[in-house]
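Protein chains in written order, with the UniProt record's numbering: chain A, 1 to 356; chain B, 1 to 287; chain C, 1 to 235.
We put the CB at the ideal spot given by N, CA and C, even for glycine.
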Amino acid sequence: MSDISTTPRYVVTTHTTASRIAATGAVILFLVLVMVPFFAGRGLIQDLFFILTMLVLAQFWNLLAGYGGLVSIGQQAFVGMGAYAMFGGVILAGMDPIPAILLGGVAAFLVAIPTAFFAFRLQGPYFAIGTWVIAEVMRLIMAQVKALGGGTGTSLPRSATREMWATEWIAGMLDVRNSAARDILTYWLALLLAAATIAGIYWLLRSKRGLALSAVRDNPEAAKSVGVDAGRMKWLVFLTSAFGTGLAGALIYVQKARISPDAAFSVTDWTAYVLFIVIIGGIGTIEGPIIGVIIFFLLQALLADYGTWYLFTLGIIGIVVMLFAPRGVWGLISDKTGIQLFPVRRRLSGGTLGEE
Amino acid sequence: MIWVDTVVQGVLLGGLYALFAAGLSLVFGIMRLVNLAHGDLIVMAAYLILVLVTVLGLPPFLAAAVAAPVMFGIGWVLQKYLLNRTLGSDILPPLLVTFGLSIALQNALLEGFSADSQRLPTGAISTSSLEIGALNIGVLPLLTFASAIAVIIGLNQLFYRTSLGRAFRATSDDPVTASLMGIKPGHVFATATAIAMLVVTLAALYLGMRANFDPNIGPARLIYAFQAVIIGGLGSLWGTLAGGVIIGVSQTIGAAINPEWQILAGHVAFLLVLLVRPRGLFPRAVD
Amino acid sequence: MALLETSGLTAHYGDFQALFGVDIRLEQGETVAIIGANGAGKTTLMRSLSGVLQNAPDMIRLDGTAIGGLSAEDVMPLGLAMVPEGRRLFPSLSVEENLLIGTYGRKVDGHWTLETIYDLFPILRERRNSPGTALSGGQQQMVAIGRALMSNPKVLLCDEISLGLAPVVIKDIYAAVPKIQESGASLIVVEQDIGQAMKVADRVYCMMEGRVTLEGTPDTLSRDDIHNAYFGVSA
Ligand SMILES: Nc1ncnc2c1ncn2[C@@H]1O[C@H](COP(=O)(O)OP(=O)(O)OP(=O)(O)O)[C@@H](O)[C@H]1O
Ligand SMILES: [Mg+2]
Chain A
1 MSDISTTPRY VVTTHTTASR IAATGAVILF LVLVMVPFFA GRGLIQDLFF ILTMLVLAQF
61 WNLLAGYGGL VSIGQQAFVG MGAYAMFGGV ILAGMDPIPA ILLGGVAAFL VAIPTAFFAF
121 RLQGPYFAIG TWVIAEVMRL IMAQVKALGG GTGTSLPRSA TREMWATEWI AGMLDVRNSA
181 ARDILTYWLA LLLAAATIAG IYWLLRSKRG LALSAVRDNP EAAKSVGVDA GRMKWLVFLT
241 SAFGTGLAGA LIYVQKARIS PDAAFSVTDW TAYVLFIVII GGIGTIEGPI IGVIIFFLLQ
301 ALLADYGTWY LFTLGIIGIV VMLFAPRGVW GLISDKTGIQ LFPVRRRLSG GTLGEE
Chain B
1 MIWVDTVVQG VLLGGLYALF AAGLSLVFGI MRLVNLAHGD LIVMAAYLIL VLVTVLGLPP
61 FLAAAVAAPV MFGIGWVLQK YLLNRTLGSD ILPPLLVTFG LSIALQNALL EGFSADSQRL
121 PTGAISTSSL EIGALNIGVL PLLTFASAIA VIIGLNQLFY RTSLGRAFRA TSDDPVTASL
181 MGIKPGHVFA TATAIAMLVV TLAALYLGMR ANFDPNIGPA RLIYAFQAVI IGGLGSLWGT
241 LAGGVIIGVS QTIGAAINPE WQILAGHVAF LLVLLVRPRG LFPRAVD
Chain C
1 MALLETSGLT AHYGDFQALF GVDIRLEQGE TVAIIGANGA GKTTLMRSLS GVLQNAPDMI
61 RLDGTAIGGL SAEDVMPLGL AMVPEGRRLF PSLSVEENLL IGTYGRKVDG HWTLETIYDL
121 FPILRERRNS PGTALSGGQQ QMVAIGRALM SNPKVLLCDE ISLGLAPVVI KDIYAAVPKI
181 QESGASLIVV EQDIGQAMKV ADRVYCMMEG RVTLEGTPDT LSRDDIHNAY FGVSA
């Protein structure tokens, strides 16, 4: 918010020069990333897949917490449900894994409805733990589903992964083995999902609804008085992010091809890491999670061998950033330079009403 | 008869959960702070007691008495120098800082003590039991429950009968006006967390004597504590005990039906209460 | 040396400056009234004196000690108590507890004890166990005054103790002021009710837009002077 007070502007603008350069850059970057499988090895593809899927999870958590003010620590519920629904579609209904990813999104969306019904009865910090409890419930329930491996989990059948849509075509075109083709396919889907997520959230935030959303976050009372229905905005954000998180979860598990309740509903993997990414990058911005995921990936590449020390360090870094740079690395950058790649806050240029 | 036994075991288990929850409830009541590292602090206290038992050869109860002032100090410093900085109208900083703390603590404990399960040596007390009619009640669970009641009575006395308790309530109502009375809100909050850590130490003692523990079990203890607080109604310590008992009884009944359902049954009970009484069973009038 | 003195006191709320070099002083045993229209900066001045707002250390001196930089919890033990604007009783505390908490940071023997406060406002004795906020506005104001007196302060700051009260109630409250003066406390009384202020005060300051625009004793100030200082209309 201080970007407004430091640069008083009286003209309401939608685009900045930086944002126009960024848009061009984003298109070029997207095209380059599409081409990566044509010249890169499988290791890089897998790394990029990891980065892109974590980015999607981070963007959706950011939408929830950073824009919607709904601080959830139960997003693993939707990763897990998305993944399990995809497995269910493949194993129980004989679907191809790729269309089953959509099933994952839908399933996450559907379970998000009763979840929201319960969790919205809790405020603030209790909402956070409430979502966690619900995720635990889902983990324990999935552990009872023997058809999907129960507590120990299961793998996608070989037949399903081998004959997965488009893999043969990719294998032929790029002259790679079937397993590598599967990685390339999931990578392309992750790229598509990440691009669509960022574009979609950007669009949402710039739309009238996004405006209402910021109003609700910044000052719920005032928002109510100008007729913004805060309750409906919460539902919109919660369900949207559940759907996206479910898609990402299903996609991640198509690539992993093996699932267990403890892994699919892991609070560390799907929520702690995601929180870390958003916090360190800069919560409440679209740029933040992008920067955050890169920092996270580099840290992991450097430190993951140290196991517990690595996680310990992540926890401490998270605390320090929250205390001393609560708007993250991107906050520091945009304070210094005034750059906004995804300008969505122009409407606040009137002042800082409702703040100390 | 087996059902009576199951329920009695559940009630007594609820005493343990109330001990987990009392500190959380106290801290929330005074400064609206939910410490996501609460469960990990309980586990940390259990390891502290374990170290005192193994290194100094103290019996567990004495070790807990030695650990208590240490935990008190840790709580004071933690609140004063870390958590006080996160308080304010924004709920993100306290949540994320305590979440980070939870991860850091868990992994520090893993590094120090490995993932192996541990248990506090208990001697005869863990096996001794009382015959009441056809019921066979363990002394240790009974002691846990009695301690929970003692803690709640003690905290209520502190809260409603002492000058410090007045300062707690006044600061919770209005920190600025409290400071006009010469109350230092930062100190008051630190003292509250420090006292919560005394309760945590007691909870850790019984946790460690009754079952195995390892560095990863903190979050689950946090969840039980949280459920007890919500079921009881925010700010009511007796409600917290009732909440603990409900979770405990649900778990033992669930486990009696199918051992795999123990934890799930507790969660389901929590969700059911949330459904019918969103503000808990005994919500505080003021709030 | 004055008991309490400000020199060039300034105060800010973010970018907004609310006080511009205010100089006032309070002598031992004196009662000073501060009058001024809404938004003149009276409450801001009280908040600065009591340490709710912090300033440069030298801007405020109590008994010669620079206290401008201290926070409220450190100022209060030095013998300065405030009856804040809007009374601000603690809802979770009973009447008696509200009074008792007034001594939290400073326990000094003096005239004021629970008993003498109950003698000053007998109705509070009857209602000692009610929640503070269950009382009428006037009774709440009595609790707020009693709470501040409990620490036997050298300086008592009263911010609009008549605000929102019926005239008869105001009379009751102000009837206590002479007894407070007798007990040895020095007072700063913020008032919009100019008549009331003139009655109790030895000296008066008038504020407008963050500045002191007039100073004098009640008998030397004319109606026109006050009117000008109050509203800024030059005759
Ligand atoms: N918390 C605050 N944030 C920003 N501005 C404030 C704040 N409190 C007061 N002000 C502003 O400071 C100025 C002085 O306010 P102050 O409350 O000191 O006036 P006052 O003389 O006590 O008025 P009243 O008679 O209404 O109580 C006003 O313009 C007011 O709007
Ligand atoms: Mg005022």
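Does residue i pass the burial test, meaning 16 or more other C-beta atoms within 10 Å, or should it be called exposed?
i, result
"W112(C)", "buried"
"residue 243(C)", "With chain C covering 1 to 235 only, the question about residue 243(C) has no answer from this structure."
"F90(C)", "buried"
"F324(A)", "exposed"
"L332(A)", "exposed"
"E131(B)", "exposed"
"N62(A)", "buried"
"K208(A)", "exposed"
"I51(A)", "buried"
"G195(C)", "exposed"
"P219(B)", "buried"
"R9(A)", "Note on R9(A): pLDDT 45, under 50, position unreliable in the model; the coordinate value appears next. Flag for R9(A) reads exposed."
"L48(A)", "buried"
"W165(A)", "exposed"
"R87(C)", "buried"
"M1(C)", "exposed"
"I101(A)", "buried"
"N107(B)", "buried"
"I101(C)", "buried"
Leaving out five residues before and five after residue i in sequence, what residues of the same chain have Cβ atoms less than 6 Å from its Cβ?
i, result
"E355(A)", "Bear in mind that a pLDDT of 34 at E355(A), under 50, signals an unreliable position, so the number given afterwards is only what the model happens to contain. Within the same chain, E355(A) has no close Cβ partners at all."
"L4(C)", "L26, L62 and V155"
"D287(B)", "Confidence at D287(B) is low in this model, with a pLDDT of 42, below 50, so the placement of that residue should be treated as unreliable; the coordinate-derived value is given next. Once the five neighbours on either side are set aside, D287(B) has no close Cβ partner at all."
Going by DSSP, which residues form a beta bridge with residue i?
i, result
"S186(C)", "V155(C)"
"residue 237(C)", "Chain C is shown only over 1 to 235; residue 237(C) falls outside these bounds and no answer can be derived."
"V22(C)", "L9(C)"
"S126(B)", "Paired residue(s): none; S126(B) is not in a bridge."
"S155(A)", "R258(A)"
"N136(B)", "E131(B)"
"L62(C)", "L4(C) and T65(C)"
For a quick check, are the C-beta atoms of residue i and residue j less than 9 Å apart?
i, j, result
"R166(B)", "E115(C)", "no"
"S147(B)", "Y224(B)", "no"
"L247(A)", "G104(A)", "yes"
"A37(C)", "Y205(C)", "no"
"F296(A)", "I316(A)", "no"
"A77(A)", "I134(A)", "yes"
"R119(B)", "M31(B)", "no"
"L44(A)", "V90(A)", "no"
"I60(C)", "T10(C)", "no"
"G164(C)", "G137(C)", "yes"
"I103(B)", "A272(A)", "yes"
"G280(B)", "L16(B)", "no"
"L99(C)", "L49(C)", "no"
"D159(C)", "V190(C)", "yes"
"L120(C)", "R127(C)", "no"
Between residue i and the rest of its own chain, which residues show a CB-CB distance below 7 Å, the 5 nearest in sequence each way excluded?
i, result
"D219(C)", "none"
"L109(B)", "V43, M44, Y47 and P215"
"I290(A)", "L55 and G281"
"A171(A)", "R177, N178 and A181"
Going by beta carbon distance, what residues of the same chain come within less than 8 Å of residue i, once the five residues before and after it are set aside?
i, result
"Q300(A)", "Y310"
"S129(B)", "N136, I137, G138 and V139"
"S179(B)", "P185"
"D58(C)", "S7, A66 and G68"
"M138(A)", "A77, G80, M81, V111 and F265"
Hey, which unbroken runs of the alpha helix (DSSP H) at 4 residues or more fall wholly within the region 205-269 of chain A? Qualifying alpha helix (DSSP H) stretches, in chain order: 208-218, 220-225, 230-256 and 261-264.
Alpha helix (DSSP H) runs contained entirely in the region 82-145 of chain C, provided each spans 4 or more residues: Those alpha helix (DSSP H) runs which fall completely within the region 82-145 of chain C and span 4+ residues are 95-100, 114-120 and 122-126.
Residue ranges of each beta strand (DSSP E) run of no fewer than 3 residues wholly in the region 30-109 of chain B, ordered along the chain? Correct list: empty.
Within the region 146-205 of chain A, note down every full alpha helix (DSSP H) run reaching 4 residues or more, in order along the chain. For the region 146-205 of chain A, whole alpha helix (DSSP H) runs of length 4 or above, ordered along the chain, are 158-162 and 167-174.
Secondary structure, beta strand (DSSP E): runs of 3+ residues fully inside the region 59-143 of chain A: Those beta strand (DSSP E) runs which fall completely within the region 59-143 of chain A and span 3+ residues do not exist here.
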